[in-house]
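Inspection log for the structure reproduced underneath, given as structure tokens.
Numbering (our numbering), first residue to last: 115 to 298.
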């Protein structure tokens with residue numbers, strides 16, 4: 115695993131040992147960034163179910179300047195912190211060991227909002243629709259923001275949840291990517 119583009123291109127990323135994490139493949143990662151924009155000028159990203167932190171670190175490498183990483187597993191949080199330190203982006207980031215729903219509640223209380231939100235739960239987890247509802251209700255996504263959900267290719271997500279509208283779905287083998295934006 116590595117950062118595939120931007121300021122930290124080629125930087126290796128540590129993996130979580132012994133856990134059943136499913137890091138996003140380089141192919142899917144590149145496809146995601148082609149869908150949402152290959153490079154950015156500033157902005158904030160939330161990486162839920164962060165695992166290794168690969169998606170959020172890739173976003174920082176491509177120009178975002180703030181990132182929040184959330185994972186409930188202590189081993190994953192340790193690896194995320196190592197990857198952030200080795201990339202030299204500790205100052206731009208926060209890492210939380212928390213369940214995703216609880217993290218969204220805490221971020222709401224802190225009045226945080228994001229330009230990009232990545233969600234990559236285990237494929238057997240059915241929490242994406244509920245998390246999308248919270249994000250929409252609590253306005254955690256900025257008006258021009260984008261949510262990127264990675265899920266099993268056979269799983270269908272709702273076309274609309276409150277103010278969020280599914281803009282695209284792309285399939286890459288056994289993985290699908292669903293893109294949501296705030297409906298106009």
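All C-beta atoms in this analysis are idealised placements derived from N, C-alpha and C, irrespective of residue type, glycine included. Predicted model, so just to flag it, every value in this text is computed and none were measured.
Between residue 172 and residue 143, the beta carbon gap of about 6 Å places them in contact (Cβ cut-off 8 Å).
Looking at the DSSP output, residue 281 bridges to nothing.
In terms of Cβ geometry, residue 231 and residue 261 form a close pair [threshold 7 Å].
The continuous alpha helix (DSSP H) containing residue 189 extends over residues 188-201.
Looking at the DSSP output, residue 210 bridges to 184. Under the three-state reduction of DSSP output, residue 224 falls in the coil class, being neither helix nor strand. Of the other Cβ atoms in all chains shown, 16 or more fall within 10 Å of the Cβ of residue 164; this residue is therefore buried. Of all alpha-carbon atoms in 266, 282, 286 and 274, the one lying nearest the alpha-carbon of residue 235 is that of 266. DSSP, reduced to helix, strand and coil, places residue 166 outside both helices and strands of the structure shown, so it counts as coil. DSSP places residue 252 in no beta strand (DSSP E); its state is neither H nor E.
Nearest C-alpha to residue 180 among 203, 138 and 192: 203. If you check the CB distance, residue 186 and residue 208 do not come in under 7 Å.
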